[in-house]
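A.B. asks:
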Amino acid sequence: MPNLKDQVVLVTGANRGQGKSIAKHLASLGAKVAIGARNFKDAEALSFEIGKSQSLPVQLDVTKEADWTAAVQSVIQAYKKIDILINNAGIFIKKPLLDTTVEDFQHLINVNQLGVFMGIKAVSPYMEKRQKGSIINNVSISSFAPINHSAAYAASKAAVSNLSKSAAIELGPKGIRVNSIHPGVIQTNMVSDSNLNVNEVTTIPLGRMGKSNDIAQVAAFLASEESAYCNGAEIVVDGGLTLGTNI
Numbered sequence: 669m670p671n672l673k674d675q676v677v678l679v680t681g682a683n684r685g686q687g688k689s690i691a692k693h694l695a696s697l698g699a700k701v702a703i704g705a706r707n708f709k710d711a712e713a714l715s716f717e718i719g720k721s722q723s724l725p726v727q728l729d730v731t732k733e734a735d736w737t738a739a740v741q742s743v744i745q746a747y748k749k750i751d752i753l754i755n756n757a758g759i760f761i762k763k764p765l766l767d768t769t770v771e772d773f774q775h776l777i778n779v780n781q782l783g784v785f786m787g788i789k790a791v792s793p794y795m796e797k798r799q800k801g802s803i804i805n806n807v808s809i810s811s812f813a814p815i816n817h818s819a820a821y822a823a824s825k826a827a828v829s830n831l832s833k834s835a836a837i838e839l840g841p842k843g844i845r846v847n848s849i850h851p852g853v854i855q856t857n858m859v860s861d862s863n864l865n866v867n868e869v870t871t872i873p874l875g876r877m878g879k880s881n882d883i884a885q886v887a888a889f890l891a892s893e894e895s896a897y898c899n900g901a902e903i904v905v906d907g908g909l910t911l912g913t914n915i
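Written out as structure tokens, the structure is:
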């Protein structure tokens, strides 16, 4: 099991779904977790659940550069360092391409793509000073296997996939590893609210939807020294959904 004792991690979108599971799991492995959420009260609630001695709630709207600056400064002031960033915050819009508005597309870019870019920029100088850091981007299988009626979402995730690999090349010599996770259909409120057809689990070779903790365990691996030689890796966590047809 990965050991994250005294490691400092910032998780975005940590107030629900996969982000919440990641924050709680990493804390259980000994990490000090900064809980980033757009709604500060949500961050405070999870901090209370994890324990004040092991967590720090921070206001973080990932689309706002000022929020990124303030959040990272709060982490540095509290813990004197930042070891791990998990760019988890994201939104999903399911609409036919021709019904997708420019506003829809821009919103997806701002949250899913620009938010990750700003996060990498915000933490990297502090990691570079110590020649050590792990940045984990929670992407999606949609980056290479788009879901029908979600072209804008798929485009935003494909951009993050290539951003992750480019950052891995540039930041690797600075001691900073950049890796990504590609979840399949994970049982969260985002999936429930999106009208995805999640009943056809027979198309998933493992015969079930994923759980948030399935993603959290992979995040822990990439955060820890157990993945010390992983850089630019893409780990697919989809139960085999994208392997091919199941007929």
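Under our numbering, the first residue of the sequence shown is numbered 669, with each subsequent residue one higher.
Note that beta-carbon positions come from the ideal geometry of N, C-alpha and C, so glycine has one too.
All values reported here derive from a predicted model rather than from experimental measurement.
Per DSSP, what are the beta-bridge partners of L724 in this structure?
C.D. replies: L724 pairs with A702.
A.B. asks: Please give me, in chain order, every unbroken run of the alpha helix (DSSP H) with length at least 4 that falls completely inside the region 718 to 772.
C.D. replies: Entirely contained in the region 718 to 772, the alpha helix (DSSP H) runs reaching 4 residues are, in chain order, 733 to 747.
A.B. asks: Drop a sphere of 10 angstroms on the beta-carbon of A734, count the other beta-carbons inside from all chains shown, and report buried for 16 or more, exposed for fewer.
C.D. replies: Exposed: under 16 other Cβ atoms inside 10 Å.
A.B. asks: Pick helix, strand or coil for T818, following the three-state DSSP scheme.
C.D. replies: Note on residue identity: the sequence assigns Ser, not Thr, to residue 818. Of the three classes helix, strand and coil, the one that applies to S818 here is coil, per DSSP.
A.B. asks: What does DSSP give as the partner residue(s) for H850 in the beta ladder?
C.D. replies: H850 is bridged to V904.
A.B. asks: If you draw a straight line from the C-alpha of D882 to the C-alpha of A691, how long is it?
C.D. replies: Rounded to whole angstroms, D882 to A691 spans 13 Å at the Cα level.
A.B. asks: What are the start and end residues of each continuous alpha helix (DSSP H) run of 4 or more residues lying completely inside the region 794 to 839, in chain order?
C.D. replies: Taking only runs of at least 4 residues, the alpha helix (DSSP H) segments lying wholly in the region 794 to 839 are 819 to 839.
A.B. asks: Are the region 775 to 794 and the region 803 to 822 in contact at 8 Å, needing three or more beta carbon pairs?
C.D. replies: At 8 Å Cβ cutoff, the stretches touch.
A.B. asks: What is the rounded straight-line gap between the Cα of L911 and the Cα of S742?
C.D. replies: Distance between the alpha carbons of L911 and S742 is about 42 Å.
A.B. asks: Using 8 Å as the threshold, is the C-beta distance between A711 and I703 below it?
C.D. replies: Yes, Cβ-Cβ distance for A711 and I703 is below 8 Å.
A.B. asks: Select from N847, A819, I809, V784 the residue whose C-alpha is nearest the C-alpha of D729.
C.D. replies: For the residues N847, A819, I809, V784, the minimum Cα distance to D729 belongs to V784.
A.B. asks: Residue range of the alpha helix (DSSP H) that V886 falls in?
C.D. replies: It spans 880 to 891 - the alpha helix (DSSP H) in which V886 sits, taken as one unbroken run.
A.B. asks: So, is I837 buried or exposed, given that buried needs 16 or more other C-beta atoms within 10 angstroms?
C.D. replies: Looking at its Cβ environment, which holds fewer than 16 other Cβ atoms inside 10 Å, I837 is exposed.
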